[in-house]
Amino acid sequence: MLLCGLAGTVLEAQSPEQLAADSQRNAADTVNLSARYLEGQALSKIRLPVAPRLDPDGVMPSGSRIVLDKEAIKWATAETVAGLLLEIPGLYIWRGGWIGRPEYASYQGRGATSVEYFLDGLPVTPVGPDSVGIDPALLPLNLLDRVEIERWAGLLRVRLYTPRHDLASASTDILVGTGDGSFSRYGGRIEKRFRSGLGYALAADYWDALTEEAASSAAQQTNVWFQLSYLSGERWGLQYQYVMQSPNRAPYVTTAGDSIGAGVKGTRGDMQLRAFLKGGSGNLTRQADLVFSSTGWSGSDLSQRINGVGVVASWRKPTMSASVSGFLRSRWTNAEVRGTAGWAPSRLFSASLEAEWLAYDNSRSSRWVGARAGLALPYGFDLGGSARLGKVVAAPAIETNQAQNISDLTAALSWRRSWLSLTADVSQTSAFQALAPQPYLNVPGLATTPSTTWLSV
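Be aware that the sequence shown starts at 3, since it is given in this note's numbering, and climbs by one per residue.
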């Protein structure tokens with residue numbers, strides 16, 4: 003009787019009516035992963051309008067610039083923008099020590115101001131502890147999608163562009179890297195456009211370089227890029243963008259105790275808000291932009307801000323182009339006017355003109371005009387030349403820095419194939435008083451560079 007009672011008790015305890023319902027057992031999967039994958043594949047084939055460049059491409063002679071797209075930037079294996087510039091003949095990088103130290107560029111002996119940087123069409127103005135030049139080691143290379151390098155005698159112009167996502171599907175990237183000396187780098191990016199015209203992008207990049215072969219040389223930096231846009235088709239649109247750089251670079255102190263490089267700690271922010279209108283018919287394209295900009299620095303016991311407003315207009319046909327821009331700014335460069343024109347009447351000949359006028363504090367100004375021309379020769383050869391004449395103020399933020407006369411010429415011969423190109427050029431630059439980058443504590447100044455002939459191959 004006892005055994006029967008126990009058996010009956012066990013059977014009763016396992017009765018299905020007495021078991022608690024398992025809410026997850028045999029539940030249908032509410033997410034169809036195959037359908038989501040196919041949806042993403044379909045969206046990746048839908049192209050949507052994007053905001054045009056603030057400085058759209060104009061007609062220029064062959065060899066006037068070097069263009070590096072996203073894939074070329076990756077294959078260059080450069081850690082900084084300065085690393086991309088090392089391939090330019092006549093350019094010297096002021097660099098010493100481990101990763102994270104200053105990397106100012108000097109082109110053809112004209113110091114820290116011989117290289118101009120533009121970010122999405124607007125000039126990158128020196129602010130913060132260094133009011134002379136821009137340190138390309140601090141520019142956010144991993145956040146860029148395209149780099150264009152224009153060469154004049156005595157001047158390099160580096161144009162940096164952030165990505166323009168043109169697909170209905172989202173795009174994401176994750177970066178995790180490490181290297182020698184415990185160097186580490188982390189980053190991520192997400193970009194998305196909607197058929198309604200809205201779009202957003204957010205990216206961040208952080209790197210950390212510990213002290214290496216010195217008593218002090220550690221450096222870290224955080225870069226952030228945010229963009230929000232609305233496009234009504236290809237006719238008009240609005241775009242807001244903010245780029246932040248936050249370096250934390252310790253002073254460079256050698257093992258002998260000598261301090262040879264200044265440190266920097268702070269945050270730089272570059273904001274631009276633009277409205278564009280685009281039109282035209284047939285082969286003609288017209289574009290007008292209204293731009294508000296603000297550049298600020300906070301850190302190292304210094305706070306600065308430069309606000310600006312301007313208009314950019316461009317006109318383009320297959321064989322002709324023209325553009326003009328005008329800006330007013332709250333500090334140092336009070337007014338700025340730039341203009342370009344290009345003409346290519348045939349496959350054999352092309353030419354372009356460029357002029358700029360910039361007004362600074364204390365009744366100073368820069369004004370110059372430049373011309374380029376190119377001629378296609380048989381057997382893959384090209385002949386080109388350029389000239390730039392005028393006056394230039396190297397460092398507008400330094401009140402005592404006055405305009406200097408420039409008279410620079412270049413002639414180049416190149417041979418190009420799909421797999422190889424060779425170029426030889428000769429340049430003549432006028433005498434120039436260059437300025438030393440400010441972070442180098444043991445370089446108080448530079449001697450005047452005399453009139454020089456440069457030959458590069």
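Every residue gets a Cβ at the ideal spot worked out from N, C-alpha and C, and that includes glycine.
All values reported here derive from a predicted model rather than from experimental measurement.
- Following the DSSP letters along the chain, one finds Ser-248 inside the beta strand (DSSP E) bounded by residues 238-251.
- Put simply, the backbone Cα of Gln-223 is about 10 angstroms away from that of Leu-141.
- Judged by DSSP secondary structure, Glu-73 falls within the alpha helix (DSSP H) whose first and last residues are 72-77.
- Boundaries of the alpha helix (DSSP H) around Ala-44: 35-45.
- Membership of Leu-87 in the alpha helix (DSSP H) is indicated by the continuous run 83-87.
- Leu-230 and Asp-57 have their alpha carbons spaced roughly 19 angstroms apart.
- Under DSSP, Phe-228 takes part in a beta bridge, and its partners are Leu-204, Tyr-244.
- Here the C-alpha atom of Pro-253 lies approximately 15 angstroms from the C-alpha atom of Pro-439.
- DSSP links Phe-294 through a beta bridge to Leu-275, Val-311.
- Excluding its 5 nearest sequence neighbours in each direction, Ser-332 has C-beta neighbours in its own chain below 8 angstroms: Arg-307, Ile-308, Asn-309, Gly-310, listed in chain order.
- With a cutoff of 8 angstroms on beta-carbon distance, Arg-374 and Ser-388 are scored as near each other.
- Pairing Gly-447 with Pro-398, the inter-Cα distance amounts to about 17 angstroms.
- Secondary structure note for Trp-154: its beta strand (DSSP E) is the uninterrupted segment 148-154.
- Exclusion of the five residues before and after Gln-241 leaves Ala-53, Ser-231, Arg-276 as the residues of its chain whose Cβ lies within less than 6 angstroms of its Cβ.
- DSSP, read as helix, strand or coil, puts Asn-403 in coil.
- Secondary structure at Pro-125: strand, using DSSP grouped into helix, strand and coil.
- Taking 8 angstroms as the cut-off, the Cβ atoms of Ala-203 and Glu-193 count as close.
- Residues of the same chain with a CB within less than 6 angstroms of the CB of Arg-161, apart from the 5 flanking positions on each side, are Phe-120, Glu-150 in chain order.
- Closest by C-alpha distance to Pro-138, out of Ala-155, Ala-107, Arg-159, is Ala-107.
- A residue is called buried once 16 or more other Cβ atoms fall within 10 Å of its Cβ, and Asn-444, having fewer, is exposed.
- Here the C-alpha atom of Arg-390 lies approximately 39 angstroms from the C-alpha atom of Asp-303.
- Take Asn-336, set aside five residues on each side of it, and the residues of its chain with a beta-carbon closer than 8 angstroms to its own are Leu-330, Ala-361, Tyr-362, Asp-363, in chain order.
- Under the three-state reduction of DSSP output, Gly-372 falls in the strand class.
- Residue state for Thr-164 is assigned as coil, using DSSP reduced to three classes.
- Residue pairing for Ile-176: DSSP places it in a beta bridge opposite Gly-190.
- For Gln-430, the enclosing beta strand (DSSP E) starts and ends at 423-431.
- With distances taken between CA atoms, Leu-422 lies nearest to Phe-383 out of Gln-406, Thr-450, Leu-457, Phe-383.
- Around the Cβ of Trp-227, a 10 Å sphere holds 16 or more other Cβ atoms; the residue is buried.
- For the pair Leu-88 and Ser-116, the CB atoms are not nearer than the 8 angstroms cut-off.
- The beta carbon of Ile-48 is closer than 6 angstroms to those of Ala-170 in its chain, skipping five residues each way along the sequence.
- DSSP, reduced to helix, strand and coil, places Asp-363 within a helical segment of the structure shown.
- Put simply, the backbone Cα of Leu-350 is about 10 angstroms away from that of Leu-385.
- A straight line joining the alpha-carbon of Val-178 with that of Arg-191 spans about 12 angstroms.
- Its chain contains Arg-340 as the residues whose beta carbon lies nearer than 6 angstroms to that of Glu-358, once the 5 sequence neighbours on both sides are disregarded; these appear in chain order.
- Residues of the same chain with a CB within less than 6 angstroms of the CB of Asn-144, apart from the 5 flanking positions on each side, are Gly-189, Asp-207 in chain order.
- Excluding residues up to 5 positions away in sequence, Asn-285 lie with their Cβ nearer than 6 angstroms to the Cβ of Pro-320 in the same chain.
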